[in-house]
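Visitor: Handing you this structure, nothing more for now.
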Amino acid sequence: MTAPAAATDENTENTGGGTPLLQVENLRVSFGDTEVVKGISFTARTGRCLAIVGESGSGKSVTARTLVGLTGPRSRVSADRIDLAGLDLTRQSERSWRAIRGREIGFILQDALVSLDQLRLVGDEIAEPLKLHGWGTRASRRERAVELLDSVGVPEPEVRVRQRPYELSGGLRQRALIASAIALDPRLVVADEPTTALDVTIQAQVLDLLAESKERGKSIILISHDLSVVARLADEVIVLRDGEVLEQGPAHQVLHQPRHAYTKALLDAIPSEHTRGTRLVRAAEGDPVVQRRRQPVDTGRPVLSALGLTQVFRGPDRVDRTVVDDVSFELLAGETLGIVGESGSGKTTTARIALALQAPTAGEVLLAGQSWSSLTPAARRARRKQIGVIYQDPLSSFDPRWPVGRIITDALRTGSKPPSSRAAARARAIRLLEQVGLGRQHLDAAPLRLSGGQRQRVAIARALAPGPEVIVCDEPVSALDVSIQAQVLDLLTDLQDELGVSYLFISHDLGVIHHMSDRILVMKDGRIVEQGDADDVFERPQDPYTQRLLTALPRLSQA
Amino acid sequence: MTALGFPEATGLARLRSIRVRVRPGIAISSVIVLLLLVALIDPGLLTTRSPTAIDLEHTLLPPSLSHPFGTDDAGRDLYTRVVYGARESLSIGLGATGLAMAIAVLLGFLGGLAGGIVDIVIARVLEVAFAFPVLLLALLLIAIYGPSLQTEIIAVGIGSAPGYARMVRGQVLAVRKAAFIEAATALGHRRAAVIGRHLFPNAMRPLVAMITLGIGQSIVWASALAFLGLGVAPPSPEWGALLDSGRLYITTSWWLEILPGAVIVLVALSVTSLGRALQHHLEGAAR
Chain A
1 MTAPAAATDE NTENTGGGTP LLQVENLRVS FGDTEVVKGI SFTARTGRCL AIVGESGSGK
61 SVTARTLVGL TGPRSRVSAD RIDLAGLDLT RQSERSWRAI RGREIGFILQ DALVSLDQLR
121 LVGDEIAEPL KLHGWGTRAS RRERAVELLD SVGVPEPEVR VRQRPYELSG GLRQRALIAS
181 AIALDPRLVV ADEPTTALDV TIQAQVLDLL AESKERGKSI ILISHDLSVV ARLADEVIVL
241 RDGEVLEQGP AHQVLHQPRH AYTKALLDAI PSEHTRGTRL VRAAEGDPVV QRRRQPVDTG
301 RPVLSALGLT QVFRGPDRVD RTVVDDVSFE LLAGETLGIV GESGSGKTTT ARIALALQAP
361 TAGEVLLAGQ SWSSLTPAAR RARRKQIGVI YQDPLSSFDP RWPVGRIITD ALRTGSKPPS
421 SRAAARARAI RLLEQVGLGR QHLDAAPLRL SGGQRQRVAI ARALAPGPEV IVCDEPVSAL
481 DVSIQAQVLD LLTDLQDELG VSYLFISHDL GVIHHMSDRI LVMKDGRIVE QGDADDVFER
541 PQDPYTQRLL TALPRLSQA
Chain B
1 MTALGFPEAT GLARLRSIRV RVRPGIAISS VIVLLLLVAL IDPGLLTTRS PTAIDLEHTL
61 LPPSLSHPFG TDDAGRDLYT RVVYGARESL SIGLGATGLA MAIAVLLGFL GGLAGGIVDI
121 VIARVLEVAF AFPVLLLALL LIAIYGPSLQ TEIIAVGIGS APGYARMVRG QVLAVRKAAF
181 IEAATALGHR RAAVIGRHLF PNAMRPLVAM ITLGIGQSIV WASALAFLGL GVAPPSPEWG
241 ALLDSGRLYI TTSWWLEILP GAVIVLVALS VTSLGRALQH HLEGAAR
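Line order of the protein sequences matches chains A and B.
Residue numbers for the first sequence follow the numbering used here, so the first one is 1 and each next one is one higher.
Residue numbers for the second sequence follow the numbering used here, so the first one is 1 and each next one is one higher.
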């Protein structure tokens with residue numbers, strides 16, 4: 001977007017790059033008896049980006065933290081060598097680490113909201129590393145903070161330095177955090193999932209920013225689970241699983257001709273325009289792509305209709321905000337209608353209105369052709385079995401006291417055919433669990449002790465229990481690793497093929513939306529800016545906003 | 001981190017996992033609370049003497065094998081009096097906490113669920129009441145109604161209710177916004193069912209531990225009132241009353257003050273540490 005001006009003056013040395021800056025050999029990290037990083041070696045070079053990719057529990061974040069001495073007191077770190085241009089990082093005291101962090105190595109964390117002190121001014125937060133390293137005077141540091149914010153593309157930096165982190169949007173906060181990480185112009189920047197919490201257009205800006213500092217000769221170590229993000233920035237890629245390096249090589253080679261089956265499976269599991277109508281998980285390596293056997297969409301029968309939905313909220317400042325503005329759509333029997341948009345686009349509010357958990361300011365929702373949002377709560381209760389919901393965070397949608405079995409039998413009781421006895425309820429709960437790939441052994445499990453994918457399966461089983469015609473899926477896979485995401489998406493399509501259920505599928509992830517949806521609505525600022533057949537929208541976007549979204553989307557082919 | 005294969009936790013395995021984690025402090029506390037419960041149900045199991053048997057030939061004896069806590073100015077066995085006093089002290093502790101919780105749950109749920117003007121009024125009233133120290137409020141009530149066991153229970157109960165009510169209200173406000181409440185509504189459950197089956201138990205969960213903590217606190221307050229001569233009056237063996245009557249002899253017969261005092265401290269500590277352990281356990285289970 002706004003090209004950040006290269007405001008740094010001092011460091012204009014050669015940007016050809018490629019000379020080794022950080023060399024790590026045989027790095028091992030353990031907590032108690034569990035070794036989480038099992039002897040990995042890599043080299044970060046000037047002007048290059050090294051990406052460490054892997055799923056949850058692969059040890060990638062721990063590796064990043066090792067490089068800034070932040071693994072915590074309970075960890076044991078050992079390495080044959082961690083060498084930052086002659087500086088031995090294996091033997092640093094907490095005191096000397098403080099001199100290294102910020103000056104030699106900048107560290108960017110995933111969530112800027114928790115990484116920045118909420119009670120301090122943004123300007124002070126950015127100037128903090130300058131102050132710690134005794135840079136300049138108070139006034140010159142303030143000036144420098146403004147320059148830095150400007151250099152990372154933050155509009156109106158003079159205003160921003162006097163605001164507090166919570167007053168800034170997610171994208172601005174993340175850029176402020178980057179500004180603080182590069183304040184002292186460190187030669188190495190370690191970025192741990194720097195764009196994970198961001199919208200795709202903001203993500204593109206942050207990636208541009210990192211790419212630019214790479215151009216200027218910085219070395220970047222990028223930790224990410226997102227292979228398309230990696231493709232955009234990385235020169236070299238390391239694939240980690242369970243603390244071990246599975247594959248390591250030039251980005252182009254790893255992402256396009258992966259040697260290891262796990263890397264291949266990871267790449268296959270990424271939903272995109274190429275995966276439409278196929279299953280994401282293959283039974284074994286080399287298996288042919290499995291096509292969906294699709295039930296026809298009943299174009300004559302809308303199961304959910306939104307007619308001119310508008311939602312106005314009055315803010316604490318007594319100013320009215322229109323978060324959903326004249327939204328109309330029809331969801332047909334057996335189809336998936338995707339709603340895509342960035343945060344604040346009104347997609348979740350639309351979902352809540354569709355579920356009649358919130359009354360719209362204007363407009364109406366019809367369920368199976370009959371009035372729904374205009375009913376009294378009592379009349380609506382009887383029809384709730386026709387529409388189910390799956391949330392992004394299934395765990396918080398379960399009563400923490402209940403085991404899986406009770407969660408499901410409770411949902412069965414609200415259906416059209418409530419089970420006649422405890423035994424019947426149990427039998428049907430087991431059948432539902434089996435349908436979503438779990439089983440009898442999970443009946444007594446506490447959701448807390450299940451993995452993320454298993455929890456979402458339980459949520460799907462619960463949504464199916466009353467026998468709904470429509471399921472509203474609100475970011476159902478956003479919190480999952482890509483391989484688990486692939487399994488859950490496959491499950492959802494299988495269930496649709498089997499039961500003919502319709503999905504109102506909400507996601508910020510364009511790849512997921514394209515993979516899942518028959519038709520798509522693109523929302524921005526509460527309005528539908530574009531709608532149509534999924535392929536049409538993605539291949540021939542008409543609206544400038546949709547075009548911008550698609551350009552901002554990082555793609556694997558960029559590697 | 002990793003997907004868990006789920007071994008069915010059998011009752012026995014669960015029992016064993018609990019036993020392994022018991023710490024010595026918790027074990028001692030449990031024993032003391034157990035003894036307290038025995039004293040509450042049947043003090044005769046812990047002592048053979050009578051708490052009111054006067055023996056003027058053996059007054060103010062120091063602790064010995066036959067009188068482990070010594071005797072008082074009327075020759076009564078102090079250990080026996082402490083055992084019998086448990087019933088009074090504990091019934092004040094339980095009664096006052098029970099009363100406080102009843103008021104707190106009523107006001108907390110009313111405020112938290114009704115919202116709007118009702119909630120605002122309740123919240124303000126609670127804040128004002130909370131500003132009064134418990135003892136001051138209790139003194140006021142006793143001054144009006146005169147000292148007795150009932151007055152003391154009511155006084156301490158009403159005095160500590162605002163604190164609990166604020167917590168209950170806070171819990172209700174937090175839990176009613178939880179996603180699982182919305183999920184239950186989306187399934188088509190009635191509002192009353194959602195409140196009864198999800199909101200109430202989840203809002204009360206962290207309070208279970210607070211109640212246990214409150215019992216220890218109430219015992220201390222009751223003793224303090226009795227010590228000031230505002231609670232149960234001598235010759236009742238209520239612990240605070242014991243302290244009050246022993247006060248005159250503190251220079252010559254230390255055991256009359258130190259031993260009942262130590263019992264109050266031990267009991268309050270034990271109940272409190274059990275409450276804390278319970279709190280940790282419940283919070284750990286919550287998430």
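Beta carbons are placed, not taken as given, at the ideal position from N, Cα and C, and that holds for glycine.
Remember, predicted model here, so these are calculated numbers, not experimental data.
Look up B/Thr-272 in the DSSP assignment and say whether it is helix, strand or coil.
Guide: helix
Visitor: Put B/Arg-87 into one of helix, strand or coil per three-state DSSP.
Guide: Here B/Arg-87 sits in helix by DSSP.
Visitor: Apart from the five residues on each side of it in sequence, which residues of its chain come closer than 7 Å, Cβ to Cβ, to A/Ser-224?
Guide: Ala-51, Val-53, Glu-193, Val-230
Visitor: If the cut is a Cβ gap below 7 Å, which residues of chain A does B/Pro-201 touch?
Guide: Arg-401
Visitor: By Cβ distance below 6 Å, which residues in the same chain neighbour B/Gln-171 in space, the five residues on each side in sequence not counted?
Guide: Here the set comprises Ala-203.
Visitor: Any beta-carbon of chain B closer than 7 Å to the one on A/Leu-568?
Guide: Residue 568 of chain A lies beyond the range of chain A shown here (1 to 559); nothing can be said about it.
Visitor: Check the Cβ of A/Thr-414 against every Cβ in chain B and list those closer than 7 Å, keeping chain order.
Guide: Here the neighbours are Leu-187, Gly-188, His-189.
Visitor: Could you tell me if B/His-67 is buried or exposed, where buried requires 16 or more neighbouring beta carbons within 10 angstroms of its beta carbon?
Guide: buried
Visitor: For A/Asp-226 and A/Val-482, I'd like the C-alpha separation in whole angstroms.
Guide: 8 Å
Visitor: Does DSSP put A/Ser-224 in a helix, in a strand, or in coil?
Guide: strand
Visitor: Is A/Phe-505 close to chain B? Criterion is C-beta to C-beta, closer than 7 Å.
Guide: Not a single CB atom of chain B sits nearer than 7 Å to the CB of A/Phe-505.
Visitor: DSSP puts A/Thr-34 in a beta bridge; with which residues?
Guide: A/Phe-31
Visitor: For B/Ile-119, I'd like the list of residues in its chain whose CB is within less than 6 Å of its CB, leaving aside the five on either flank, ordered along the chain.
Guide: According to the sequence shown, residue 119 of chain B is Asp rather than Ile. Counting only Cβ-Cβ distances below 6 Å, and skipping sequence neighbours, we find Gly-111.
Visitor: In the DSSP assignment, find the unbroken alpha helix (DSSP H) run with A/Arg-241 in it and report its ends.
Guide: From DSSP, A/Arg-241 is part of no alpha helix (DSSP H) but of the beta strand (DSSP E) over 236-241.
Visitor: Cutting at 6 Å between CB atoms, please list the residues of its own chain near A/Leu-438, excluding the five before and the five after it.
Guide: Arg-457
Visitor: Using a Cβ cut-off of 7 Å, pull out every chain A residue sitting near B/Glu-182, in sequence order please.
Guide: Leu-357
Visitor: Could you pull the DSSP bridge partners for A/Val-365 from this structure?
Guide: Answer is A/Ala-306, bridged to A/Val-365.
Visitor: Could you tell me which residues DSSP pairs with A/Tyr-503 in its beta bridges?
Guide: A/Thr-336, A/Ile-471
Visitor: To the nearest angstrom, report how far apart B/Gly-108 and B/Met-167 are at their CA atoms.
Guide: 8 Å
Visitor: Starting from A/Val-206 and walking both ways along the beta strand (DSSP E), at which residues does that stretch end?
Guide: Looking at the DSSP string, A/Val-206 is not in any beta strand (DSSP E); the run it does join, the alpha helix (DSSP H), is 200-215.
Visitor: Quick check: the segment 525-540 of chain A against the segment 246-256 of chain A, are there 3 or more CB pairs under 8 Å?
Guide: no
Visitor: Determine the burial state of A/Asp-320: buried for a count of at least 16 other Cβ atoms within 10 Å of its Cβ, exposed for fewer.
Guide: exposed
Visitor: Run down chain A in chain order and give the residues with a C-beta less than 8 Å from the C-beta of B/Ala-39.
Guide: Residues of chain A passing the Cβ test: none, with the nearest at roughly 34 Å.
Visitor: Using a Cβ-Cβ cut-off of less than 7 Å, give me the residues of the segment 358-390 of chain A that come near chain B, in sequence order.
Guide: Arg-381, Arg-384, Lys-385, Val-389
Visitor: Closest Cβ-Cβ distance between A/Ser-397 and chain B: below 7 Å?
Guide: yes
Visitor: Am I right that A/Gly-277 and A/Thr-46 are in contact with their C-beta atoms under 8 Å? What's the rounded C-beta distance?
Guide: Contact annotation, A/Gly-277 with A/Thr-46: C-beta distance approximately 45 Å; criterion of less than 8 Å not satisfied.
Visitor: Looking at the unbroken beta strand (DSSP E) that takes in A/Glu-128, where does it start and where does it end?
Guide: Boundaries for A/Glu-128: no beta strand (DSSP E) harbours it, while the alpha helix (DSSP H) harbouring it runs 122-132, taken from the DSSP string.
Visitor: Rounded to the nearest angstrom, what separates A/Ser-557 and A/Thr-71 at their Cα positions?
Guide: 35 Å
Visitor: Under a CB-based cut-off of 7 Å, is A/Ala-411 close to chain B?
Guide: yes
Visitor: Taking 7 Å as the threshold (C-beta atoms), are A/Leu-240 and A/Lys-38 in contact?
Guide: no
Visitor: Inspect the CB distances between the segment 325-339 of chain A and the segment 515-527 of chain A and report whether three or more fall short of 8 Å.
Guide: yes
Visitor: Can you tell me whether DSSP reads A/Thr-586 as helix, strand or coil?
Guide: Given that chain A is displayed from residue 1 to residue 559, the structure contains no residue 586 of chain A and the question cannot be resolved.
Visitor: Is A/Asp-291 buried or exposed, if buried means 16 or more other CB atoms sit within 10 Å of its CB?
Guide: In the sequence as presented, Asp is not what sits at residue 291 of chain A; that position holds Gln. With fewer than 16 other Cβ atoms within 10 Å, it is exposed.
Visitor: Just reading off the alpha helix (DSSP H) that A/Asp-83 is part of, what are its end residues?
Guide: No alpha helix (DSSP H) holds A/Asp-83; the beta strand (DSSP E) holding it covers 81-84.
Visitor: Suppose you measure from the CA of A/Arg-279 to the CA of B/Pro-162; what does that come to, to the nearest Å?
Guide: 59 Å
Visitor: Enumerate in chain order the residues of its own chain whose CB-to-CB distance from A/Leu-489 is below 8 Å, with the five nearest sequence positions on each side excluded.
Guide: Pro-271, Leu-280, Val-477, Val-512, His-515, Met-516
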